[in-house]
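Undergrad:
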Amino acid sequence: MQKYTFQHFTQEELLEGVKNNDSKILRWIYQDQFPKLEKYVLANNGDEQQAKDVFQEAFVALWKNAKTGKFKPENGTAIQGYLYQIAKNKWLDTLRSSKNKKTVPLENIPESWDEETDNKESNFEQMESSFKNLGGNCKELLTRFYYKKESMAIIARAFDWTEATARNNKYRCIQRLRENIKHQKIKSS
Amino acid sequence: MKNTDSISQEEFERIERYLLGAMRPDEQLSLEKDLAENKVLSTQFKKVEAVLNGIEEIALRENLDAFHLEWDENRHARKKSHKIGIPLSIAASFLLLAGFFTWLFWMRPDANEQLFATYYQADPGLVTAMGSSEDYAFDRGMVDYKMGKFAPAIQRWEALLPEKPSNDTLHYFLGSAHLGLKNTAPAKMYLDRVTAQESSAFREDAFWYLALVNVLDKDYEKALLNLKKSNHPEKEELIKTIKEK
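See the structure below:
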């Protein structure tokens, strides 16, 4: 395997960085790969906004697959190649679906549709809007702990709390978030 | 039947520790056994998993937007510089030539400034969650900071100091913002406060930026000391460069 993908990061470092939400690594991958995908989308009937949307969806897919172990790099540019391939396929899917857009008669929608297909996207949207409605401290606390992987000790210090308070507040924030999600679901049903 | 919407703190933290990989193997096995036998627990597990994954994904998407904004701004800056027309570019060539000689004789940046410029990249900043935040002022400063508007960021953050005099996040970004403006004295003061806090998450990064402050101040001995305490990927390279000077 080619050891270095560029001056600093090996594929292993990039993969670890993606798994651990390392901002420097994520930024580097994003800004290194986006121009290539944008060029492809612009050359294939798309615009800048569509390129951004499709690339970000592909990035999230890479991130999820890296975290769950579904993706393992096999060569020196595997992560970049994988990301580009997902993004390109997503754009081709978009083109295909806009060409072949047909309405589906209600009776043809399978019963499992609501549970399995529609829900993933709408669940995330509900989650996102519920998260945005949390107070600033809750958002910061949850982001620091679950995304930035900061320890309770560090978080407690940042908020001038004790560790026990930070831990209790984290639980309360999660409960509040779950309540918000529940209300969102009731509202949208 | 037990309501799967409510979960005790103890149950929640048990599931959370499993999902974060913080459990001992025997605890893991015990939870897996309980999950197989207890439908309510299994449903709660799925709900907690979805919420924790969702929080991470939301934060990631916010970061992606920030990366995009940053990339887009750089692209516009590059485009602007390419828009100079041909006749203008000839005139510009003369100006550049004249400018080069002026620079060569009077304004040539010192070696320390060149070294600083080679290794300095501002800390990317934190994810901001604007909205009903109680920390609105801090977040607002972070938006300025991320856009390279260091002076207004400093103004906003310094106003928060009386409230949070020992907050390492605040000190770290105040130090970073001052360094962005090459104000070495205040940058050093704030970054020193961060390195003094042994458990600060920013401590090792603060050592790296302190070393860059030292480079700007031509204090290479201190730069070497701070570099040794940093874990920055370029620290060895910078140590070597300084030693070769």
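In the order they appear, the protein sequences are chains A and B.
Positions 4 to 192 (the working numbering) are the ones given, in order, by the first sequence.
Positions 0 to 244 (the working numbering) are the ones given, in order, by the second sequence.
Yeah, the Cβ is synthetic: ideal placement off N, Cα and C, and Gly gets one too.
1. DSSP state of His177 (chain B), grouped into three classes?
2. Taking the straight line between their C-alpha atoms, what separation do you get for Asp204 (chain B) and Ser229 (chain B)?
3. Using a Cβ-Cβ distance under 8 angstroms, would Trp70 (chain B) count as near chain A?
4. Counting only beta-carbon separations shorter than 8 angstroms, does Asn24 (chain A) have a partner in chain B?
5. What residue range does the alpha helix (DSSP H) around Glu19 (chain A) cover?
6. Which residues bound the alpha helix (DSSP H) around Pro151 (chain B)?
7. Using three-state DSSP, classify Glu12 (chain B) as helix, strand or coil.
8. Could you check whether the Cβ of Ile157 (chain A) sits closer than 8 angstroms to any Cβ belonging to chain B?
9. So, helix, strand or coil for His75 (chain B), using DSSP?
10. Please compile the residues from chain A whose C-beta is within a distance smaller than 8 angstroms of the C-beta of Asn230 (chain B).
11. Rounded to whole angstroms, how far is the Cβ of Ala152 (chain B) from the Cβ of Asp138 (chain B), which I believe are closer than 8 angstroms?
12. Is the beta carbon of Gln129 (chain A) sitting closer than 8 angstroms to the one on Ile189 (chain A)?
13. Counting only C-beta atoms, is Ile177 (chain A) closer than 8 angstroms to chain B at any point?
14. With a 10 Å radius around its C-beta and 16 neighbouring C-beta atoms as the bar for buried, classify Ala58 (chain B) as buried or exposed.
15. Considering Cα atoms alone, identify which of A:Leu86, A:Asp56 and A:Ile82 is closest to Glu15 (chain A).
16. For my contact list, Tyr149 (chain A) and Glu55 (chain B) are in at a C-beta cut-off of 8 angstroms; report their separation, rounded to the angstrom.
17. What does Ala51 (chain B) touch in chain A if you count any residue whose Cβ is under 8 angstroms from its own?
18. Return the chain-ordered list of same chain residues with a C-beta closer than 7 angstroms to the C-beta of Ser175 (chain B), the five sequence neighbours on each side being excluded.
19. Output the distance between the C-alpha atoms of Gly130 (chain B) and Arg179 (chain A), rounded to the nearest integer angstrom.
20. Excluding five sequence neighbours on each side, which residues of the same chain lie with their C-beta closer than 8 angstroms to the C-beta of Gln52 (chain A)?
21. Need the endpoints of the alpha helix (DSSP H) that Asp56 (chain A) sits in, please.
22. Count the other CB atoms within 10 Å of the CB of His177 (chain B); is the residue buried (16 or more) or exposed (fewer)?
23. What is the DSSP secondary structure of Asn47 (chain A), counted as helix, strand or coil?
24. Starting from Asn213 (chain B), follow the alpha helix (DSSP H) in both directions and report where the run begins and ends.
25. Around the C-beta of Ser7 (chain B), are 16 or more other C-beta atoms found within 10 angstroms, so that it is buried, or is it exposed?
26. Cβ closer than 8 angstroms: which chain A residues qualify as neighbours of Ile241 (chain B)?
27. Would you kindly check if the distance between the Cβ of Leu125 (chain B) and the Cβ of Met141 (chain B) is under 8 angstroms?
28. Anything in the segment 146-163 of chain B with a Cβ closer than 8 angstroms to a Cβ of chain A? List those residues in chain order, please.
29. Does the distance from the C-beta atom of Tyr219 (chain B) to that of Lys181 (chain B) stay below 8 angstroms?
30. With a Cβ-Cβ cutoff of 8 angstroms, do Leu63 (chain B) and Phe62 (chain A) count as a contact?
31. Please state whether DSSP places Ser191 (chain A) in a helix, a strand or coil.
32. The alpha helix (DSSP H) spanning Gly139 (chain A) covers which residue range?
33. Inspect the beta-carbon positions of Val212 (chain B) and Leu190 (chain B) and report whether they are closer than 8 angstroms.
34. Between His186 (chain A) and chain B, is the shortest Cβ-Cβ distance under 8 angstroms, so that the two count as touching?
35. Does any CB atom of chain A fall closer than 8 angstroms to the CB of Asp143 (chain B)?
36. To the nearest angstrom, how far is it from the Cα of Arg175 (chain A) to the Cα of Ala210 (chain B)?
TA: Well, looking at it:
1. On the second sequence, position 178 is the one that residue 177 (chain B) refers to. His177 (chain B) falls in the helix class under three-state DSSP.
2. Working through the second sequence from its first residue, we reach residue 204 (chain B) at position 205. Working through the second sequence from its first residue, we reach residue 229 (chain B) at position 230. Taking the straight line from one Cα to the other gives about 6 angstroms.
3. Start at 1 with the first residue of the second sequence, and residue 70 (chain B) comes out as number 71. Judged by the 8 angstroms Cβ criterion, Trp70 (chain B) is in contact with chain A.
4. The sequence position of residue 24 (chain A) within the first sequence is 21, counting from 1. Answer yes: the Cβ-Cβ gap between Asn24 (chain A) and chain B drops below 8 angstroms somewhere.
5. Along the first sequence, one-based indexing puts residue 19 (chain A) at 16. Element bounds for Glu19 (chain A): Gln14 to Lys22.
6. Counted from its first residue, the second sequence places residue 151 (chain B) at position 152. Pro151 (chain B) -> alpha helix (DSSP H) spans Phe149 to Glu157.
7. To locate residue 12 (chain B), count along the second sequence from 1; it is residue 13. Reduced to three states, the DSSP call for Glu12 (chain B) is helix.
8. The residue given as residue 157 (chain A) occupies position 154 in the first sequence. Output row for Ile157 (chain A): interface = yes.
9. Walking along the second sequence from the start, residue 75 (chain B) turns up at place 76. Looking at His75 (chain B) - three-state DSSP - the assignment turns out to be helix.
10. Counting from one through the second sequence, the residue named residue 230 (chain B) turns up at place 231. None at all; the shortest Cβ gap to chain A is about 12 angstroms.
11. Residue numbering aside, residue 152 (chain B) sits at position 153 when the second sequence is read from its first letter. Residue numbering aside, residue 138 (chain B) sits at position 139 when the second sequence is read from its first letter. Between Asp138 (chain B) and Ala152 (chain B) the Cβ distance is about 11 angstroms, and since that is not below 8 angstroms, they are no contact.
12. Translated into positions along the first sequence, residue 129 (chain A) becomes position 126. Translated into positions along the first sequence, residue 189 (chain A) becomes position 186. For Gln129 (chain A) and Ile189 (chain A), no; Cβs fall outside 8 angstroms.
13. Residue numbering aside, residue 177 (chain A) sits at position 174 when the first sequence is read from its first letter. So yes, Ile177 (chain A) belongs to the interface.
14. Locating residue 58 (chain B) in the second sequence gives position 59, counting from the first residue. So Ala58 (chain B) ends up on the buried side.
15. Counting from 1 along the first sequence, the entry for residue 15 (chain A) is found at position 12. Closest by alpha carbon: A:Ile82.
16. In the first sequence, counting from the first residue as 1, residue 149 (chain A) sits at position 146. In the second sequence, counting from the first residue as 1, residue 55 (chain B) sits at position 56. That pair is a contact at about 5 angstroms.
17. For this step, residue 51 (chain B) is matched to residue 52 along the second sequence. The displayed chain sequence assigns Leu, not Ala, to residue 51 (chain B). Result: Tyr149.
18. On the second sequence, residue 175 (chain B) is found 176 positions in, with the first residue counted as 1. Excluding sequence neighbours, Ser175 (chain B) sits near Ala121, Asp122 and Tyr208.
19. Locating residue 130 (chain B) in the second sequence gives position 131, counting from the first residue. Locating residue 179 (chain A) in the first sequence gives position 176, counting from the first residue. Annotation note: pLDDT 48 at Gly130 (chain B) (below 50); position unreliable, no value reported.
20. Along the first sequence, one-based indexing puts residue 52 (chain A) at 49. If we look at Gln52 (chain A) and ignore the five residues flanking it on each side, it has no Cβ neighbours.
21. As a first step, residue 56 (chain A) is located in the first sequence; it is residue number 53 there, counting from the start. It spans Glu51 to Thr71 - the alpha helix (DSSP H) in which Asp56 (chain A) sits, taken as one unbroken run.
22. Residue numbering aside, residue 177 (chain B) sits at position 178 when the second sequence is read from its first letter. By the 10 Å Cβ count, His177 (chain B) comes out buried.
23. Translated into the one-based positions of the first sequence, residue 47 (chain A) becomes position 44. Reduced to three states, the DSSP call for Asn47 (chain A) is coil.
24. For the purposes of this step, residue 213 (chain B) is taken as residue 214 along the second sequence, with counting starting at 1. Looking at the DSSP string, the run of the alpha helix (DSSP H) that includes Asn213 (chain B) is Arg202 to Leu215.
25. On the second sequence, position 8 is the one that residue 7 (chain B) refers to. Exposed, by the Cβ-count rule.
26. Residue 241 (chain B) sits at position 242 when you count from the first residue of the second sequence. Within 8 angstroms Cβ-Cβ: nothing; Ile241 (chain B) doesn't reach chain A, min ~19 angstroms.
27. The sequence position of residue 141 (chain B) within the second sequence is 142, counting from 1. The sequence position of residue 125 (chain B) within the second sequence is 126, counting from 1. Contact: yes.
28. Lys163
29. The residue given as residue 219 (chain B) occupies position 220 in the second sequence. The residue given as residue 181 (chain B) occupies position 182 in the second sequence. No, these two residues do not count as a Cβ contact at 8 angstroms.
30. Here the question's residue 63 (chain B) lines up with position 64 in the second sequence. Here the question's residue 62 (chain A) lines up with position 59 in the first sequence. Taking 8 angstroms as the Cβ cut-off, Leu63 (chain B) and Phe62 (chain A) qualify as a contacting pair.
31. Translated into positions along the first sequence, residue 191 (chain A) becomes position 188. If DSSP states are grouped into helix, strand and coil, Ser191 (chain A) belongs with the helices.
32. Sequence index remark: in the first sequence, residue 139 (chain A) carries index 136 (1-based). Unbroken alpha helix (DSSP H) run through Gly139 (chain A): Gly139 to Leu145.
33. Sequence index remark: in the second sequence, residue 212 (chain B) carries index 213 (1-based). Sequence index remark: in the second sequence, residue 190 (chain B) carries index 191 (1-based). Contact flag set, yes.
34. Position 183 of the first sequence, counted from the first residue, corresponds to residue 186 (chain A). For His186 (chain A), the answer is no, since every Cβ of chain B falls outside 8 angstroms of its Cβ.
35. Residue numbering aside, residue 143 (chain B) sits at position 144 when the second sequence is read from its first letter. So no, Asp143 (chain B) is outside the interface.
36. On the first sequence, residue 175 (chain A) is found 172 positions in, with the first residue counted as 1. On the second sequence, residue 210 (chain B) is found 211 positions in, with the first residue counted as 1. Cα to Cα, Arg175 (chain A) sits roughly 41 angstroms from Ala210 (chain B).
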